[in-house]
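Take a look at the structure set out below.
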Amino acid sequence: MSKVSVLVVDDAPFIRDLVKKALRSQFPGIRTEDAVNGRKAQQMLARERFDLILCDWEMPEMSGLELLTWCRTQDALKAVPFIMVTSRGDKENVVQAIQAGVSDFIGKPFSNEQLTSKVRKALGRAGKLDALAASAPTRVLSTGVANDSLAALTGGKAEVVRPAAAAAAAPAPEAKAAPLIQPSSAAPAAAPGAASSGRGQGQLRLAHGSVACVIKALSLKEALLVVKRGEPLPQVLESAVLDLEQGEGGEIARLNGYLHAVAAFEPKPDSDWLQLSFRFVDRDPQKLDYLSRLIARGTAQRHFTPGA
1 MSKVSVLVVD DAPFIRDLVK KALRSQFPGI RTEDAVNGRK AQQMLARERF
51 DLILCDWEMP EMSGLELLTW CRTQDALKAV PFIMVTSRGD KENVVQAIQA
101 GVSDFIGKPF SNEQLTSKVR KALGRAGKLD ALAASAPTRV LSTGVANDSL
151 AALTGGKAEV VRPAAAAAAA PAPEAKAAPL IQPSSAAPAA APGAASSGRG
201 QGQLRLAHGS VACVIKALSL KEALLVVKRG EPLPQVLESA VLDLEQGEGG
251 EIARLNGYLH AVAAFEPKPD SDWLQLSFRF VDRDPQKLDY LSRLIARGTA
301 QRHFTPGA
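Note that the UniProt record's numbering numbers the sequence shown so that position 37 is 37, with each residue one more than the last.
Laid out in structure tokens, this is it:
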């Protein structure tokens, strides 16, 4: 019996590796291939057979929506499950993808359980679960949300210490294709070092929910953020999405990345604020251009320090 094969399409190497290792961990024996953008995926799909496509939306050369539209015009790909893995959860984007023939959505950031659930459902509809069951023993799904990114990268072999509050918490609900940006009223009103109308603010989306943040420093590679301490605590290597809105036009950029470092903002053990180093993984020229303009604007208005 041939192996079930999955094509992972994303311009961010970190996201591709995260998805592939999570799939291999949950579905031993599954075959995974990856493509850096829609154009490369198109070439691979023209010469190879895949049972499932997991694809980002915003990519250079050819977007996920363009690849989806092309797939639905090909006789051999019309029925292949196509799941959009994206930070775009706005109603307009959802409707656009549904009209193009998308099978399902996975919102970034996601947990291993959310990813596995969507993949299992898609393969079940395509009649491929029997092939998976024949090639792999039954595995217990990961229920740790905060540590799922680390578990995926280490193949589930790393021993992770979890906060007591997080261990007792119920698993996060399955991601839905609903708007993921929280109301602006949730933004912190008194973050340390941030004037009420000074520093730029945004929303940091983690697998367990969204938190308002203040941008302390910004570069093309990373952002230094200050957030209110809460439970569960953000975890190093946890994937996340940073939503930034700047300018009079309310321009919003959804930047994919991961938490490179987490530290107390105040020099005391009961610090109410955390400082997060958020590393970008996007390679999209449009997002890099947005960041460049944002850095220039923020530097001129002294909202934050450039060159984080």
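Cβ coordinates follow ideal geometry from the N, Cα and C atoms, glycine included.
Item	Value
Quick check on K287: buried or exposed, where buried means 16 or more other Cβ atoms within 10 Å of its Cβ?	buried
For the alpha helix (DSSP H) that contains E266, what are its first and last residues?	Neither: E266 is in no alpha helix (DSSP H) and is coded neither H nor E.
Got a sec, what are the start and stop residues for the beta strand (DSSP E) Q42 sits in?	Where Q42 is concerned, there is no enclosing beta strand (DSSP E), although the alpha helix (DSSP H) it sits in stretches over G38 to R47.
Under 8 Å between the Cβ atoms of D104 and A122?	yes
Using the C-alpha atoms, what's the distance from R283 back to R16?	13 Å
Should H260 be labelled buried (16 or more other beta-carbon atoms within 10 Å of its own) or exposed?	exposed
Measuring alpha carbon to alpha carbon, tell me which residue in V85, V214 and E48 is nearest K20.	V85
How should V95 be labelled, buried or exposed, when 16 other C-beta atoms within 10 angstroms of its C-beta is the threshold for buried?	exposed
Given that a residue counts as buried once 16 or more other Cβ atoms are within 10 Å of its Cβ, and exposed if not, what is S184?	Reliability of the predicted coordinates at S184 is poor, the pLDDT of 38 falling under 50, and no value is obtained from them.
Give me, in chain order, the residues of the same chain whose beta-carbon lies closer than 7 Å to that of A253; leave out the 5 immediate sequence neighbours on both sides.	L244, K287 and Y290
Taking the alpha-carbon positions, what's the V6 to D270 distance?	45 Å
Among F82, E58 and L220, whose alpha-carbon lies nearest the alpha-carbon of Q99?	F82
Okay, do the segment 27 to 43 and the segment 64 to 80 touch, 3+ Cβ pairs below 8 Å being the bar?	yes
Starting from the C-beta of M59, find all residues in its chain whose C-beta is less than 6 Å away, skip the five residues before and the five after it, and write them out in chain order.	D11, N37 and G38
To the nearest angstrom, how far is the alpha carbon of A296 from that of S87?	25 Å
Which residues share a DSSP beta bridge with D11?	According to DSSP, which records beta bridges pairwise, D11 is partnered with nothing at all.
Output the distance between the C-alpha atoms of V226 and E48, rounded to the nearest integer angstrom.	46 Å
For Q74, count neighbouring C-beta atoms within 10 Å of its own C-beta (all shown protein chains included) and say buried if the count is 16 or more, exposed if not.	exposed
To the nearest angstrom, how far is the alpha carbon of E231 from that of V281?	25 Å
From what residue to what residue does the alpha helix (DSSP H) around G64 run?	G64 to C71
Along the beta strand (DSSP E) that carries I30, what are the first and last residues, could you check?	Here I30 belongs to no beta strand (DSSP E), and DSSP marks it neither H nor E.
Hey, D51 and K118: beta-carbon distance below 8 Å or not?	no
DSSP three-state call for K128: helix, strand or coil?	coil
What is the DSSP secondary structure of R279, reduced to helix, strand or coil?	strand
State the DSSP-derived secondary structure class of E92, mapped to helix, strand or coil.	helix
Let me know the secondary structure DSSP gives Q74 once reduced to three states.	coil
Just to confirm, are V4 and A131 a CB contact at a threshold of 8 Å?	yes
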